Structures are given as C-alpha cells and as structure tokens.
Amino acid sequence: MVIYDSSGKFVWQSFDSPTDTLLVGQSLKANGQNKLVSRKSPSVNANGPYSLVMEAKKLVLYYTTNKTPKPIAYYEYEFFTKITQLQSMTFQAVEDSDTTWGLHMEGVDSGSQFNVSTFLSRPKHNATLSFLRLESDGNVRVWSYSTLASSTAWDVTYTAFTNADTDGNDECRLAEHCGEFGLCKKGQCNACPSDKGLLGWDEVTCKTPSLTSCDPKTFHYFQIEGADSFMTKYNGGSSTTEKACGDKCTRDCKCLGFFYNRKSSRCWLGYELKTLTRTGDSSLIAYVKAPNANKNSALAI
Numbered sequence: 001m002v003i004y005d006s007s008g009k010f011v012w013q014s015f016d017s018p019t020d021t022l023l024v025g026q027s028l029k030a031n032g033q034n035k036l037v038s039r040k041s042p043s044v045n046a047n048g049p050y051s052l053v054m055e056a057k058k059l060v061l062y063y064t065t066n067k068t069p070k071p072i073a074y075y076e077y078e079f080f081t082k083i084t085q086l087q088s089m090t091f092q093a094v095e096d097s098d099t100t101w102g103l104h105m106e107g108v109d110s111g112s113q114f115n116v117s118t119f120l121s122r123p124k125h126n127a128t129l130s131f132l133r134l135e136s137d138g139n140v141r142v143w144s145y146s147t148l149a150s151s152t153a154w155d156v157t158y159t160a161f162t163n164a165d166t167d168g169n170d171e172c173r174l175a176e177h178c179g180e181f182g183l184c185k186k187g188q189c190n191a192c193p194s195d196k197g198l199l200g201w202d203e204v205t206c207k208t209p210s211l212t213s214c215d216p217k218t219f220h221y222f223q224i225e226g227a228d229s230f231m232t233k234y235n236g237g238s239s240t241t242e243k244a245c246g247d248k249c250t251r252d253c254k255c256l257g258f259f260y261n262r263k264s265s266r267c268w269l270g271y272e273l274k275t276l277t278r279t280g281d282s283s284l285i286a287y288v289k290a291p292n293a294n295k296n297s298a299l300a301i
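Note that UniProt numbering gives residue 235 to position 235 of the sequence shown, counting from 1, and the numbers run on in steps of one.
Put into structure tokens, the structure is as follows:
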C-alpha cells in the first residue's frame, strides 16, 4: 500500500513498516522500524509476546510479557564477521546456481565496507517469491512459492527451531510451546512438574503453582533435576551460590522460581517459567515455588 497527499507527493508505503513479516528486499532499519512483532495468535491480530529485533551488533529474538522485568533473549543469529554498527538488515534471495537460491538476512554495517549476512536456507527453486515471518508461536519461518511442475504451493523453506536440530534449538526453546507450564523434550510436551511428582501433561490443567502470599512461611520450593529454561542460553545470569540465588527469589514476590547451573555457578530468576527442557544434565536445577499444602521431594528427570 502506498499513500500520497493531495498534490501527489509520496507520504508513506507499507513496505517501509513491516509488522510480523519481511518480503524479499524488505528491511529492518536502525533509523526506522527495527523489529518484527508476532501476532497474539493466528486468529487475533494484536501484538504477541515475541519480537525479532535488529540491535546495534546483532539480530535477536525476544520474549516479553507484563511479568518479565525486561525482554528475554531466546535466540541470536550468528554472523561470521565482527559488526560495528548495523544500519539495516534486509531479507534477500540470491541465485546460487541454475537450481538453487540462497536465502539470507543481509546487513549493512557502518563500520565496514562489506555487508554482513547470516545464511538461512537454500531452496531448490526460484525463491524470489518468499517471505520471512515471526510466527505467533515464536518461531521464525520462511515461506517460498514454488512453480515447479510437480508442485505449485507455498512451502516452508526455513525454520529457526526444528525438532531435528542437534544444537538444542528445538521447539522446547520456545517459551509458550508447552503453554503455561510443562516439561519438554525434542519438541514434545510430556510431563507436568508438581509436588506430587511428574504428572501427565495437559495444556489446560498444567499450570505454574499459585501462591496466596509472599510470606516465605507459606511456600517452599520443589526441585527438578536436569531441567533447563528457554531464558538461560542467551542470558548470562548472575554468578552466585545456589543458596544466595534461592534467597534472592524468596525475597522477590514476583519471582516464581529459579534456575541454577552447578557447573558454572550461574543463577537465573524466573518471572515466567513456561516451558522447561529435559536435559539429562543433573547439574542443571530448576526450583519452583509452591504453597506449603503439598510438600514433597526433588524430581529427578
């Protein structure tokens, strides 16, 4: 859409104001629209909790709710050159050969004479009719229109979080993949942690324990060994002891639990717990606040 004033002068075009989608050739800009924001759901056209943000030196996915003190990074795109200051980041489709096209996010760096880029995928057909979308589930997908004789349809040609990923970036890393609360492994939500043990997961009934008071005498923590959070990989946490980490959460009424890495002595406070990942690494511990009505032992997973 393009808008002109009464004299025919250009005023605005929708191409300069991306929402949750980038078309080929469309950009995020430092001096303009620098982020995509997901929809609340596929059927609700309101802002959701996920954003893809072009910052000074990186391209980052964030999760934000009214409970989080600041946006939580859950993915960072890799660039293989040092970046000084990004001016723009453009979704590009480049012909690699007669049969393949490369999909990239290509950035203009003010401190370099060369552009920087991160590779997304290589479809085996003309990919100029493609768009990149930050989906309502927090995943990033590229859809490409194929005109091959055997297929005439929109195909998914790139997905940021796939359950076949070997680097731990599967769908369990998406904050709301298991809804309000749940344990996830290889993209599957398969348990609901509770004081009674690990229960069967159900999106409707699996909830973060509800507290009636901030008084430490009214709640305790149950422990989940081998559990990690979507927030830990791209957020450094704080260096402290396990006890000090717990004490900090106990004093903070908004803290729902905390995560601790016993190998690195790093601590993360959880203002949103959401999807927890089963890792099998006993040095990763999740502690969840729960009312004293149901007090039980640690859960080893």
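C-beta atoms are modelled at their ideal positions from N, C-alpha and C, and glycine is treated no differently. On a predicted model such as this, the values are computed, not experimentally measured, just so you know.
Which two residues bound the contiguous beta strand (DSSP E) that contains residue i?
i	result
residue 122	Residue 122 -> no beta strand (DSSP E), and no H or E assigned at all.
residue 104	101-109
residue 286	284-291
residue 72	72-76
residue 190	188-194
residue 158	153-159
In this structure, does DSSP put residue i in helix, strand or coil?
i	result
residue 245	helix
residue 216	helix
residue 171	helix
residue 240	coil
residue 279	coil
residue 301	Any reading at residue 301 must be qualified, since the residue scores a pLDDT of 45, below 50, and its modelled position is unreliable; the value itself is stated next. Coil, per DSSP.
residue 250	helix
residue 49	strand
residue 30	coil
residue 95	strand
residue 139	coil
residue 224	strand
residue 62	strand
Rank the options by C-alpha distance to the C-alpha of residue i and give the top, closest one.
i	options	result
residue 274	257, 266, 263, 261	257
residue 134	61, 249, 116, 104	61
residue 282	225, 288, 291, 230	225
residue 310	188, 209, 127	There is simply no residue 310 to check, as the chain begins at 1 and stops at 301 in what is shown.
residue 278	43, 178, 96, 245	178
Look at the alpha carbon of residue i and the alpha carbon of residue j, and state the distance between them as a whole number of angstroms.
i	j	result
residue 37	residue 165	24 Å
residue 50	residue 89	18 Å
residue 77	residue 220	38 Å
residue 140	residue 68	22 Å
residue 240	residue 45	42 Å
residue 91	residue 106	6 Å
residue 191	residue 169	20 Å
residue 138	residue 63	8 Å
residue 72	residue 176	13 Å
residue 104	residue 121	7 Å
residue 214	residue 195	19 Å
Label residue i either buried or exposed according to how many other C-beta atoms from any shown protein chain fall within 10 Å of its C-beta, with 16 as the threshold for buried.
i	result
residue 84	exposed
residue 289	buried
residue 116	buried
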